[in-house]
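These notes concern the structure reproduced below.
There are 2 protein chains.
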Amino acid sequence: MTGPRIGVFDSGMGGLTVLRALMPRIAGAEYTYLGDTARLPYGSKSKATIERYAVSSARFLLSEGADVLVIACNTASALALDAIREVSAVPVLGVIDPGAQRAASTSRSGEVAVIATAATIESHAYAEACSKRGLRAIEKACPLLVPLVEEGWIEHPVTAKVLRIYLDELDTQAGAAGLKPDTLVLGCTHYPLLRTLIQGMVQGHMTVIDSAEAMAVKVSAAVDEKWLQSEAAVRGELIIQAGGSDEQAGEPDEDEEVSCRFFATDSVDKFRRLGSMFLGQPIDEVALVDLGG
Amino acid sequence: MTGPRIGVFDSGMGGLTVLRALMPRIAGAEYTYLGDTARLPYGSKSKATIERYAVSSARFLLSEGADVLVIACNTASALALDAIREVSAVPVLGVIDPGAQRAASTSRSGEVAVIATAATIESHAYAEACSKRGLRAIEKACPLLVPLVEEGWIEHPVTAKVLRIYLDELDTQAGAAGLKPDTLVLGCTHYPLLRTLIQGMVQGHMTVIDSAEAMAVKVSAAVDEKWLQSEAAVRGELIIQAGGSDEQAGEPDEDEEVSCRFFATDSVDKFRRLGSMFLGQPIDEVALVDLGG
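Protein sequences, first through last, are from chains G and S.
The first sequence begins at -1 in our numbering and counts up one residue at a time.
The second sequence begins at -1 in our numbering and counts up one residue at a time.
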């Protein structure tokens, strides 16, 4: 049988950091990535608009034959996961929950901090997911980080200054709430590109967690489980699933190649050019898709 | 007869700076403003996408009965003016040409600089409009200025630092091209909010020109002309139009009230809240409109 067909969705190119973390983990997978670049950013828009955009994007990936939908976009995961699940017959995995789960297994104090887009923060999706795991979370919107990354100012004094301001405000906010977070969740797929800078600033008092990485582990576990079940069904065998920690799942099989198809709703040239920065390898072909609007 | 019905279009709220400049100029006008906030920003997107968005927005304003369309968005004016004119039976005025005209009447050296979004700069619409008037123009994209204004960092050290970097790069670019611009055109409706900061930095060697202001003068002249003609037609009189400079047009008549209706394609609350900053007065009511997508 062929490998799992995994649909990965993001408002733009940030979700390529999730794809990058996924690729070495799932043997023989066929990835279809959609970046809704004509309507980005989602992070500054309303729930109703984000739901409408995310649902039409998800429908496209379903029409391309996805066996599982990976919502790599934090904003869409925070605000549109239920709406996407309503139209999807296949499993839909969001990025918030894996991030919160990883935070819970990392934090010793039970107090964590989350930085993300305005829409993600205003939804309080991370705070709720953390609270379900007995964590207290302090949340901080950082609207300028996405434009700074997209300007290519990755290790730039202005980006360092902006981060310093946001992290100081986060500190003040945490102090006012009587919290001392020991874990910092990067709640936006653009932020892993600033990881070195961020890590340098919080070193000694917070461990940095990348939701993209946490999600890749989660997705490969879910896909493994589904695939073992399907193969068992094909062979008429019964598979007893091991519980295990999420860290053990998804060991890559280097013999099986993965394939990737890329779709964007705006300029394919720009996607090819900038996307390589997020994916960490060249992107050859991108197809334009019109989702209306 | 009722006053002219003026449709003002922008991708977001920046065009409110044009409306602000227009309001005291045209007696008895009825304004309809549309901000395509669900699909903003236009400045980072492709010509095909910008045309599609701008045309559907223009159609909405036409369906609301506009007698003239004012394209307050620099990016839409630079990339979609022809496409909008194709679907419009009423006059369509863009913001690029008035900006270039004002630059021509201001510059002594015949060499000017333009700062704008990436899409506006890549279109070279300003350079072409300047060239038609015998000016040589140097153009510089400043992608971070819009997000900085939207973060509310108007007189902020980070914004000053970013501006310093962009203006230094502009200087280097001008030097390499053998130009010494004496005039700086603000080619984006967000930039007038940074005028004080910009003016402080270029004082002594460049005069700052605001396209929004230049456009308001142009629109009021065009509307006056059209209205004088219509009124003449109604009264069966012949009006001889004075040539005059564009600076003389559109003296306000304080007895006649102007009315404004506001439409947005995304969150009306956000439009009300942030829009007031651009308009310089409170916005009470905003209606949501769905243009698809």
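Built from N, CA and C at the ideal position, the CB exists for glycine as well.
Source: prediction; values computed, not measured.
| query | Are the C-beta atoms of Arg131(S) and some chain G residue less than 9 Å apart? | reply | Not an interface residue.
| query | Closest to Leu14(S) by CA distance: which of Val200(S), Val160(S), His188(S), Glu49(S) is it? | reply | Taking Leu14(S) as reference, the option from Val200(S), Val160(S), His188(S), Glu49(S) with the minimal CA-CA separation is His188(S).
| Three or more C-beta pairs below 8 Å linking the segment 140 to 160 of chain S and the segment 123 to 133 of chain G | Contact between the segment 140 to 160 of chain S and the segment 123 to 133 of chain G is absent, because fewer than three Cβ pairs lie under 8 Å.
| message | Going residue by residue through the segment 52 to 77 of chain S, where are the continuous beta strand (DSSP E) segments of at least 3 residues, counting only ones entirely within it? | response | You should have 66 to 69.
| task | Assign Tyr31(S) to one of three DSSP states: helix, strand, or coil. | result | The answer is strand: DSSP assigns Tyr31(S) an E or B state.
| message | 9 Å is my cut-off, CB to CB: does Ile290(G) come that close to chain S? | response | The question names Ile, but residue 290(G) is Gly in the sequence shown. Yes, Gly290(G) counts as interfacial toward chain S.
| message | So for Leu17(G), helix, strand or coil by DSSP? | response | In this structure, Leu17(G) counts as helix in the three-state DSSP scheme.
| query | Less than 9 Å separating the beta-carbons of Val93(G) and Ser75(G)? | reply | Cβ distance < 9 Å, so Val93(G) and Ser75(G) count as in contact.
| query | When the Cα atoms are used, what is the spatial distance from Val221(G) to Arg23(G)? | reply | Their backbone Cα atoms lie some 10 Å apart in a straight line.
| query | What are the start and end residues of the beta strand (DSSP E) that includes Cys128(G)? | reply | Under the DSSP assignment, Cys128(G) falls outside any beta strand (DSSP E), being part of the alpha helix (DSSP H) whose first and last residues are 123 to 130.
| Where Gly26(S) and Ala52(G) are concerned, what is the direct C-alpha to C-alpha distance, given to the nearest angstrom? | Distance between the alpha carbons of Gly26(S) and Ala52(G): 43 Å.
| task | For Thr157(S), collect the residues of the same chain with a Cβ closer than 6 Å to its Cβ; drop the 5 residues on either side in sequence, then sort them by chain order. | result | The residues are Leu146, Trp151.
| task | Count the other C-beta atoms from every protein chain shown that fall within 10 angstroms of the C-beta of Arg162(G), then say buried if there are 16 or more, exposed otherwise. | result | It counts as exposed.
| Using the beta-carbon count (16 or more within 10 Å), is Ala174(G) buried or exposed? | Ala174(G) comes out exposed.
| message | the ligand FMN and Leu59(S): does any heavy atom of the ligand fall closer than 8 Å to the residue's C-beta? | response | Judged by which ligands are present, the structure shown has none, so any question about the ligand FMN falls away.
| task | Compute the distance between the beta-carbons of Ala78(G) and Ile48(G), then report whether it is under 9 Å. | result | When the beta-carbon positions are compared, Ala78(G) and Ile48(G) come within less than 9 Å of each other.
| request: Have a look at Gln99(S), Asp80(S), Ala98(S) and flag the residue whose alpha-carbon is nearest the alpha-carbon of Val90(S). | output: For Val90(S), the closest alpha carbon among the candidates Gln99(S), Asp80(S), Ala98(S) is that of Asp80(S).
| task | Can you give me, in chain order, the residues of the segment 140 to 152 of chain S that have a beta carbon less than 9 Å from any beta carbon in chain G? | result | Within the segment 140 to 152 of chain S, contact with chain G at the beta-carbon level (separation under 9 Å) is assigned to Pro141, Leu142, Val144, Pro145, Leu146, Glu148, Glu149, Trp151.
| message | Going by the DSSP bridge assignment, what does Asp293(G) pair with across the sheet? | response | The structure shown does not extend to residue 293(G), since chain G is modelled only from -1 through 291, so no value can be given for it.
| request: State the Cα-Cα distance for the pair Glu149(G) and Arg131(G), rounded to the nearest angstrom. | output: Roughly 37 Å separates the two Cα atoms.
| When you compare only the Cα positions, how much space is there between Val112(S) and Lys224(G)? | Near 56 Å, if we compare the C-alpha coordinates of Lys224(G) and Val112(S).
| query | To the nearest angstrom, how far is it from the Cα of Val85(G) to the Cα of Val6(S)? | reply | Spanning the alpha carbons of Val85(G) and Val6(S) requires a straight line of approximately 37 Å.
| said: Any beta carbon of chain G sitting closer than 9 Å to that of Lys178(S)? | reply: Residue-level contact check: Lys178(S) does not touch chain G, since none of the beta carbons of chain G fall below 9 Å from its beta carbon.
| Does Asp166(S) have its Cβ less than 9 Å from a Cβ in chain G? | No, Asp166(S) lies away from the interface with chain G (no Cβ there is under 9 Å from its Cβ).
| Between which two residues does the beta strand (DSSP E) carrying Arg3(G) extend? | Boundaries of the beta strand (DSSP E) harbouring Arg3(G): 3 to 8, taken from the DSSP string.
| said: So, under 8 Å CB-CB, Thr181(S) and Met204(S) are touching, yes? Tell me the CB distance rounded to an integer number of Å. | reply: Sure, about 6 Å apart at Cβ, within 8 Å.
| field | Where Pro96(S) falls, given that 16 or more other Cβ within 10 Å makes a residue buried | value | It counts as buried.
| message | Using the three-state DSSP reduction, which class does Lys138(G) fall into: helix, strand or coil? | response | Shown here, Lys138(G) sits in a strand according to DSSP, grouped into three states.
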